[in-house]
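In this note's numbering, the protein residues as written are 106 to 172.
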């Protein structure tokens, strides 16, 4: 698990993966999430397989369309 504080108000997002696995799940996607998440996916050779949104506020979902 890796936690990020992203977007203009520091919204929490969490990237989850299993050691040795190929898939990752992102919990919430604040604005500009792609810029922070993609390098981690590449470094760990992971594929983003799901995006879980905790709720529909803009600061938790505005970056989802980029991913």
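From the three backbone atoms N, C-alpha and C, an ideal C-beta is built for every residue, glycine too.
Keep in mind it's a predicted model, so treat the numbers as computed, not measured.
Open item on the list: Looking at the strands, I want to know which residues DSSP matches up with residue 122.
Closed with: Bridge partners of residue 122 according to DSSP: 129.
- [ ] Quick one: grab the DSSP three-state call for residue 150.
- [x] Coil, per DSSP.
TODO: With DSSP collapsed to three states, give me the class of residue 155.
DONE: Judged by DSSP in its simplified three-state form, residue 155 adopts strand.
Task: Distance between residue 131 and residue 106 (C-alpha atoms, nearest Å) - done: Taking the straight line from one Cα to the other gives about 10 angstroms.
- [ ] Give the DSSP bridge partners of residue 111, in chain order.
- [x] Residue 111 pairs with 116.
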